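Novice: Numbering (our numbering), first residue to last: 9 to 91.
All residues carry an ideal CB built from backbone N, CA and C; glycine is no exception.
Remember, it's a predicted structure, so these values are computed and weren't measured experimentally.
Handing you a structure now.
Dropping the structure here:
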């Protein structure tokens, strides 16, 4: 009997999971750059407290993006069937 191959959906999920770490690192770098720019330069006429809050928010979102990029490939490897 012939072996069943992977379905198209499984191959697509594996392919997309390969790009998640790279994309999450790019997003994290952009968020950190935005946080630094917002923290040290006066954009939009916000006061110092609001700028600090937004910089903190962007920094936390950068950490979330990195965690997402770390977790997705491992979850895909765990829950999709082995090749």
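For residue 21 and residue 33, I'd like the C-alpha separation in whole angstroms.
Specialist: As a working mapping, residue 21 is identified with position 13 in the chain shown. As a working mapping, residue 33 is identified with position 25 in the chain shown. Cα to Cα, the separation comes out at about 19 Å.
Novice: I'd like to check one pair, residue 81 with residue 29: are the Cβ atoms closer than 8 Å?
Specialist: Taking the first residue of the chain shown as position 1, residue 29 is located at position 21. Taking the first residue of the chain shown as position 1, residue 81 is located at position 73. In contact: residue 29 and residue 81 (Cβ atoms closer than 8 Å).
Novice: Going by CA-CA distance only, name the one from 13, 27, 66 that's closest to residue 44.
Specialist: Counting from 1 along the chain shown, the entry for residue 44 is found at position 36. Of the listed residues, the one whose Cα sits closest to residue 44 is 66.
Novice: Between 36, 83, 60, which lies nearest to residue 46 when the distance is taken from Cα to Cα?
Specialist: Indexing the chain shown from 1 puts residue 46 at position 38. Cα-wise, what sits closest to residue 46 is 60.
Novice: Nearest by alpha-carbon distance to residue 40: which of 86, 69, 15 is it?
Specialist: Within the chain shown, residue 40 is the residue found at index 32, counting from 1. Checking every option, the nearest Cα to that of residue 40 belongs to 69.
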